[in-house]
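Oh and the sequence shown: position 342 is 342 in full-length UniProt numbering, straight run, nothing missing.
Glycine residues also receive a C-beta, built at the ideal position from the N, C-alpha and C atoms.
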Amino acid sequence: MEEGKVERRFRVKPKLKSKARNPKQTPESKYWSSFKTRQIPNLISVPSLTFSPTPPHSFAAAHSATLTLFSSQTLSPTATISSFSDAVSCASFRSDALLLAASDLSGLVQVFDAKSRTPLRRLRSHTRPVRFVHFPILDKLHLISAGDDALVKFWDVAEEASVAEFIGHKDYVRCGDSSPVNSDVFITGSYDHVVKLWDVRVRDSKSSVQVNHGAPVEDAVFLPSGGMVATAGGNSVKLWDLIGGGRLLFSMESHNKTVTSLCVGRIGNDFGEESNQFRIMSVGLDGYLKVFDYGSFKVTHSMRFPAPLLSVGYSPDCSTRVIGTSNGVIYASKRKMKESEKEKKIESSSFWRVAPVERTEKSVLRPSHFRYFQRGQGEKPSAGDYLVMKPKKVKLAEHDKLLNKFEHAEALVSVLESKNPENVLAVMEELVARKKLLKCVSNLGVEKLELLMVFLHKYCTMPRYSSLLMGLTKKVLEMRADDIRASQALKSHVRNLKRSVEEEIRVQQSLQEIQGIISPLLKIAGR
């Protein structure tokens with residue numbers, strides 16, 4: 001090493017571990033992520049997806065002038081219906097899955113045999129494209145349709161005749177749903193921003209309830225209870241309480257572009273505490289699928305797709321989810337079922353079976369087991385646990401404590417020293433109720449009486465407090481007249497009190513004069 005050069009060594013800080021880009025998934029997010037997605041390509045824009053309500057829950061997809069049926073088990077097409085003269089806009093299975101209705105943009109509604117796919121009925125009375133067709137959940141005889149002519153029609157399928165027409169929308173009717181608890185009630189949503197609740201038994205074409213979404217309504221669905229509906233339009237999904245007269249409960253605005261479709265899905269049986277709870281799924285032109293828990297009013301899962309989304313469907317057995325896009329691709333997702341769920345499914349499908357023996361005793365962790373000591377603070381109580389809640393201690397003010405001990409004079413002095421007029425008035429009213437106020441005033445010492453006189457001088461002329469304080473002032477002057485004459489400080493307070501009262505009287509007289517001047521002018525102006 002050359003002379004004159006000094007070797008220096010610098011300590012190198014250890015590299016920090018990089019944080020994960022994706023935050024830790026919640027249990028429910030893991031559940032929705034467990035659906036393995038597969039693409040069904042080579043279609044044209046898919047505006048409608050609907051599942052059969054009975055096993056094996058096949059689903060129908062509308063694309064171009066074709067309606068294709070797919071198996072929910074293999075996700076492969078099983079049949080194609082091509083007897084449409086224009087693009088298919090909507091499809092609906094009947095509750096027993098024996099009939100399938102579909103509408104197209106020519107204004108025609110066709111009813112097919114779901115097994116043989118042969119057309120049974122052709123219903124034509126809409127003059128413009130039909131955008132919505134639906135079989136009521138609890139009704140096997142009728143059908144609902146609506147379209148761009150702003151008309152809503154209730155059909156007798158067997159007679160091929162319109163039983164009732166509902167007029168009230170002022171723009172295209174694009175969506176609707178039937179009540180899950182009443183076959184006579186259904187909703188429709190329109191581009192006039194309004195969702196209307198109709199009752200078939202009301203024949204004067206008046207809606208029972210209507211709500212304004214604030215944007216053109218793209219979809220509307222009933223929630224399972226039948227008393228709430230969810231509406232989609234613009235970039236928001238809104239929840240409404242129909243039983244409460246159409247009251248807005250919540251507005252979810254997590255989409256960046258127009259929300260195009262909604263569906264209600266149930267979480268599978270193997271998902272712990274949230275099993276069998278219902279969620280709202282929404283898709284939009286921003287390519288996002290959002291899962292919304294309407295019990296806690298929060299988004300529990302979000303997923304991005306590489307194309308604008310037009311429709312969404314979810315199978316009743318919680319195993320299949322399908323999403324239709326504007327570029328003709330269906331993203332079909334299946335969830336791998338656990339063995340326990342498969343056994344339940346097999347048992348429900350077999351006629352002769354031995355019922356499994358149910359365990360009535362609940363396994364409880366005891367202190368003798370090592371897992372008992374591994375439980376963390378985040379351990380959630382189970383349904384059978386009794387929770388001991390620690391009551392919150394209420395902090396009382398000093399005057400409240402004295403009132404509880406029936407020390408009335410001390411309570412009055414304490415609250416006067418706090419200089420809070422509202423608290424002072426509250427204590428005085430309590431003493432009046434206990435018939436102790438005048439006794440407390442008579443027992444006050446000269447120094448404490450000065451506190452009371454200062455308070456009366458400051459607040460007795462204020463309108464909020466004058467009703468009680470003016471009467472109290474009169475009583476104080478009568479009861480403590482001797483003490484006032486003997487004390488120069490008390491005399492000074494009385495003089496100040498007198499000036500305040502005289503000033504207030506002058507103000508009131510001036511106001512009465514002004515009122516006397518203005519009243520005739522107002523009468524003349526009102527003629």
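Closest residue to V111 among R128, K140, P129 (Cα-Cα distance)
Start at 1 with the first residue of the sequence shown, and residue 111 comes out as number 111. Selected option, being the one with the closest Cα: K140.
Classify L303 as buried or exposed, calling it buried when 16 or more other Cβ atoms lie within 10 Å of its own Cβ.
Counting from 1 along the sequence shown, the entry for residue 303 is found at position 303. Looking at the sequence itself, residue 303 is Met, so the reference to Leu does not match. Its Cβ being crowded by 16 or more others within 10 Å, M303 is buried.
R434 to R495 span [Cα, whole Å]
On the sequence shown, residue 434 is found 434 positions in, with the first residue counted as 1. On the sequence shown, residue 495 is found 495 positions in, with the first residue counted as 1. Straight-line Cα distance between these residues: approximately 31 Å.
For A97 versus T54, is the C-beta spacing smaller than 8 Å?
In the sequence shown, counting from the first residue as 1, residue 97 sits at position 97. In the sequence shown, counting from the first residue as 1, residue 54 sits at position 54. Result yes, Cβ atoms of A97 and T54 sit closer than 8 Å.
For L469, which residues of its own chain have a beta-carbon under 7 Å away from its beta-carbon, when the five flanking residues on both sides are left out?
Taking the sequence shown and counting its residues from 1, one reaches residue 469 at position 469. Taken in chain order, the residues that qualify are L456, Y459, C460.
Do the CB positions of L151 and I167 come within less than 8 Å of each other?
What you label residue 151 is simply residue 151 of the sequence shown in a count that begins at 1. What you label residue 167 is simply residue 167 of the sequence shown in a count that begins at 1. Contact: yes.
Identify whether G526 lies in helix, strand or coil by the three-state DSSP scheme.
Here residue 526 refers to the residue found at position 526 of the sequence shown. Here G526 sits in helix by DSSP.
Tell me the rounded alpha-carbon separation between Q39 and L67.
What you label residue 39 is simply residue 39 of the sequence shown in a count that begins at 1. What you label residue 67 is simply residue 67 of the sequence shown in a count that begins at 1. Between Q39 and L67, the C-alpha separation is close to 18 Å.
Coil, strand or helix - P119 by DSSP
Against the sequence shown, residue 119 aligns to sequence position 119. If DSSP states are grouped into helix, strand and coil, P119 belongs with the strands.
According to DSSP, is D286 helix, strand or coil?
What you label residue 286 is simply residue 286 of the sequence shown in a count that begins at 1. The answer is coil: DSSP assigns D286 none of H, G, I, E or B.
Restricting to Cα atoms, I'd like to know which of A114, H134, M252, R128 is closest to A91.
In the sequence shown, residue 91 corresponds to position 91, counting from 1. For the residues A114, H134, M252, R128, the minimum Cα distance to A91 belongs to H134.
Kindly indicate which residue of S333, P463, P129, L100 has the alpha-carbon position closest to the one of L75.
Locating residue 75 in the sequence shown gives position 75, where the first residue counts as 1. Among S333, P463, P129, L100, the Cα nearest to that of L75 is on S333.
How is the beta strand (DSSP E) around A230 delimited, first residue to last?
Against the sequence shown, residue 230 aligns to sequence position 230. Its beta strand (DSSP E) spans residues 228–233.
Go through its chain and collect everything with a Cβ distance to V507's Cβ below 7 Å, but skip five positions before and after it.
As a first step, residue 507 must be located in the sequence shown, where it is residue number 507. Cβ neighbours of V507 beyond the five flanking positions: none.
Please name the residue, chosen from D148, G147, D149, A164, that lies closest to W155 on a Cα-to-Cα basis.
Against the sequence shown, residue 155 aligns to sequence position 155. W155 has its Cα closest to that of A164, out of D148, G147, D149, A164.
Check whether the Cβ atoms of D177 and I187 sit closer than 8 Å, and answer yes or no.
Locating residue 177 in the sequence shown gives position 177, where the first residue counts as 1. Locating residue 187 in the sequence shown gives position 187, where the first residue counts as 1. Yes. Within cutoff.
Does the distance from the C-beta atom of I44 to that of H63 stay below 8 Å?
Within the sequence shown, residue 44 is the residue found at index 44, counting from 1. Within the sequence shown, residue 63 is the residue found at index 63, counting from 1. Closer than 8 Å, so yes.
CB L123 to CB E160, shorter than 8 Å?
Reading the sequence shown from its first residue, position 123 is the one you call residue 123. Reading the sequence shown from its first residue, position 160 is the one you call residue 160. Yes. Within cutoff.
What are the uninterrupted segments assigned as alpha helix (DSSP H) that are 4 or more residues long and contained completely in the stretch 371–455, given in chain order?
398–404, 408–418, 421–433, 437–442
Answer with buried or exposed for I524, where buried requires no fewer than 16 other C-beta atoms within 10 angstroms of its C-beta.
Position 524 of the sequence shown, counted from the start, is the residue given in the question as residue 524. So I524 ends up on the exposed side.
Can you grab the Cα-Cα spacing for the pair L100 / L387, in whole Å?
Position 100 of the sequence shown, counted from the first residue, corresponds to residue 100. Position 387 of the sequence shown, counted from the first residue, corresponds to residue 387. Taking the straight line from one Cα to the other gives about 51 Å.
Whose C-beta lies closer than 7 Å to the C-beta of Q512 among residues of the same chain, with five residues either side of it excluded?
Along the sequence shown, one-based indexing puts residue 512 at 512. No residues qualify anywhere along the chain.
Spatial distance of S319 from K395 (CA atoms)
Here residue 319 refers to the residue found at position 319 of the sequence shown. Here residue 395 refers to the residue found at position 395 of the sequence shown. Between S319 and K395, the C-alpha separation is close to 54 Å.
On a CA-only basis, which of G328, S29, P316 is nearest residue 544? Give me that one, please.
The chain is shown only over 1 to 527; residue 544 falls outside these bounds and no answer can be derived.
Using the C-alpha atoms, what's the distance from P47 back to L197?
Against the sequence shown, residue 197 aligns to sequence position 197. Against the sequence shown, residue 47 aligns to sequence position 47. Using only the alpha carbons, I get a separation of about 24 Å.
Please confirm whether L239 and F222 have their CB atoms less than 8 Å apart.
One-based indexing of the sequence shown puts residue 239 at position 239. One-based indexing of the sequence shown puts residue 222 at position 222. Not a contact, by the Cβ cut-off of 8 Å.
Cross-strand partners of N212 (DSSP beta bridge):
As a working mapping, residue 212 is identified with position 212 in the sequence shown. Beta-bridge pairing links N212 to V194.
Can you tell me whether G384 is buried or exposed, with buried defined as 16 or more other CB within 10 angstroms of its CB?
For the purposes of this step, residue 384 is taken as residue 384 along the sequence shown, with counting starting at 1. Result: exposed.
Closest by C-alpha distance to T78, when choosing among F84, S85, L69, D86
Within the sequence shown, residue 78 is the residue found at index 78, counting from 1. Comparing Cα-Cα distances from T78 to each of F84, S85, L69, D86, the minimum goes to L69.
Might you give, ordered along the chain, the residues of its own chain that have their beta carbon closer than 8 Å to the beta carbon of P306, omitting 5 neighbours on each side?
As a position in the sequence shown, residue 306 is number 306, starting the count at 1. So the qualifying residues of the chain are G287.
If V259 and V237 are in contact, beta carbons under 8 Å, what's the gap, nearest whole angstrom?
Within the sequence shown, numbered from 1, the residue matching residue 259 stands at position 259. Within the sequence shown, numbered from 1, the residue matching residue 237 stands at position 237. Indeed, because the Cβ distance is near 6 Å, the residues count as touching under 8 Å.
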